[in-house]
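Engineer: I'd like to ask some things about the structure below.
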Amino acid sequence: MKKTPENKLNVKLIALDLDDTLLNDERSIDSKTVKVLQAAADKGIYIVLCSGRAEDGILPFVRKLDIAGKETGRFLIAINGCSVFDMHQRKQIYLKSVDSDILLYANQEAEKSGLDTEVYSPDVIFYKKETSWTRLDVDMCHVKGQVVENYETFLKNGKFPKMLIPGEPEKLLILQEKMKKELKNRAVIFTSKPYFLELLPPKCGKGEAIEFLARELGISMDQTMGFGDSMNDESMIRMCGNGIAMCNGLDYIKKIANYVTEKDNNNDGVGDFIEKYVL
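The opening residue of the sequence shown carries number 15 in my numbering; numbering runs sequentially from there.
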């Protein structure tokens with residue numbers, strides 16, 4: 015485990031994963047952490063929620079922080095870095111999509127393994143049929159789910175930033191290995207949770223989205239900080255000048271991080287770290 019900072023960190027942008035990082039196990043943000051993030055925003059530090067969820071699934075937590083009206087609270091990063099959304103302009107300022115042939119291939123391989131796929135838009139998760147797995151994802155993301163007829167045609171003709179394959183972890187590991195070998199660098203493939211396998215466009219991730227936003231804002235990557243716990247946070251942890259792993263996170267993520275929080279997601283781990291080492 016990495017040591018904690020010896021001096022106050024010079025930070026102008028803080029990016030925050032949601033599940034198991036900013037959110038406690040009840041999927042809410044503790045009041046102390048809310049106050050700390052509001053204080054950071056008031057000091058001119060950009061606070062950017064950075065999640066695998068679609069935009070509409072992130073907005074309830076934006077409202078909880080109550081900083082979206084400020085310049086330093088206007089941006090969010092959605093769909094694991096495929097989208098950067100400006101809430102003041104009410105539009106995406108950055109968007110990447112998976113090629114349709116990749117979506118069709120992944121859907122075919124998933125079905126061979128007895129699995130189903132989903133694709134994301136900013137406010138809807140689309141799938142061929144509703145299952146217990148699709149309901150789990152819809153419930154976690156707090157967005158609408160929708161069954162699509164002629165799903166393969168839908169995949170071929172649409173532009174989607176992300177495909178998710180939910181299912182039994184054992185099946186997903188086998189499928190992940192097969193698709194990584196076949197697709198190589200044509201897609202980013204990882205498990206965000208043991209039961210969620212994700213496909214993103216190439217060279218796409220939370221870190222790349224933060225790099226884009228920091229450049230737009232004239233902020234050096236050395237002055238960025240990213241908090242995360244899992245594999246979908248890897249590029250953020252690696253690319254931010256200050257990559258912070260949650261102490262409740264994966265060992266791999268803790269190993270590559272600059273620092274590790276002293277407290278977990280159920281005990282204001284994010285707020286405690288920012289209060290001590292940034293504010």
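All C-beta atoms, glycine included, are put in the ideal place defined by N, C-alpha and C.
Pull up the DSSP beta-bridge partners for Val202, would you.
Structural biologist: Note: Val202 sits in a beta bridge opposite Leu214.
Engineer: In three-state terms, what does DSSP make of Leu240?
Structural biologist: Looking at the sequence itself, residue 240 is Gly, so the reference to Leu does not match. Of the three classes helix, strand and coil, the one that applies to Gly240 here is strand, per DSSP.
Engineer: Taking the alpha carbon of Leu37 as the point to measure from, which residue in Lys192, Val202, Leu264, Asp278 has its own alpha carbon closest?
Structural biologist: The shortest Cα separation from Leu37 among Lys192, Val202, Leu264, Asp278 belongs to Asp278.
Engineer: Which value, in whole angstroms, describes the spacing of the CA atoms of Ala53 and Leu211?
Structural biologist: In a straight line, the C-alpha of Ala53 is about 36 angstroms away from that of Leu211.
Engineer: Spatial neighbours of Tyr60 within its chain, please: CB distance less than 6 angstroms, with the 5 preceding and 5 following residues excluded, ordered by chain position.
Structural biologist: Result list for Tyr60: Leu27, Thr86, in chain order.
Engineer: Measuring straight from C-alpha to C-alpha, what distance separates Phe168 and Asp153?
Structural biologist: Distance between the alpha carbons of Phe168 and Asp153 is about 23 angstroms.
Engineer: If you run the structure through DSSP and keep just helix, strand and coil, what is Ile91?
Structural biologist: Note: Ile91 maps to strand in three-state DSSP.
Engineer: What three-state label does DSSP hand Gly257 in the structure shown?
Structural biologist: In this structure, Gly257 counts as strand in the three-state DSSP scheme.
Engineer: Could you give the first and the last residue of the continuous alpha helix (DSSP H) run that contains Leu227?
Structural biologist: Residues 220-231.
Engineer: Looking at the strands, I want to know which residues DSSP matches up with Ala29.
Structural biologist: In the DSSP output, where bridge partners are listed per residue, Ala29 has Val62, Gly240.
Engineer: Counting pairs of Cβ atoms below 8 angstroms between the segment 214-229 and the segment 139-154, do you hit three or more?
Structural biologist: As far as the Cβ criterion goes, the segment 214-229 does not touch the segment 139-154, which means the pair count is below three.
Engineer: For a quick check, are the C-beta atoms of Gly66 and Asn21 less than 8 angstroms apart?
Structural biologist: No, the pair does not count as a contact, with Cβ atoms beyond the cut-off.
Engineer: Taking the alpha helix (DSSP H) that Gln52 falls in, what are its first and last residues?
Structural biologist: Where Gln52 is concerned, the enclosing alpha helix (DSSP H) stretches over 45-56.
Engineer: For Phe174, which beta-bridge partners are listed by DSSP?
Structural biologist: DSSP output for Phe174 lists Val112 as bridge partner(s).
Engineer: I want to know whether the segment 63-82 touches the segment 108-128 - three or more CB-CB distances under 8 angstroms.
Structural biologist: Flag = no, the segment 63-82 and the segment 108-128 do not touch.
Engineer: Could you tell me the alpha carbon to alpha carbon distance between Ile251 and Gly263, rounded to whole angstroms?
Structural biologist: Straight-line Cα distance between these residues: approximately 12 angstroms.
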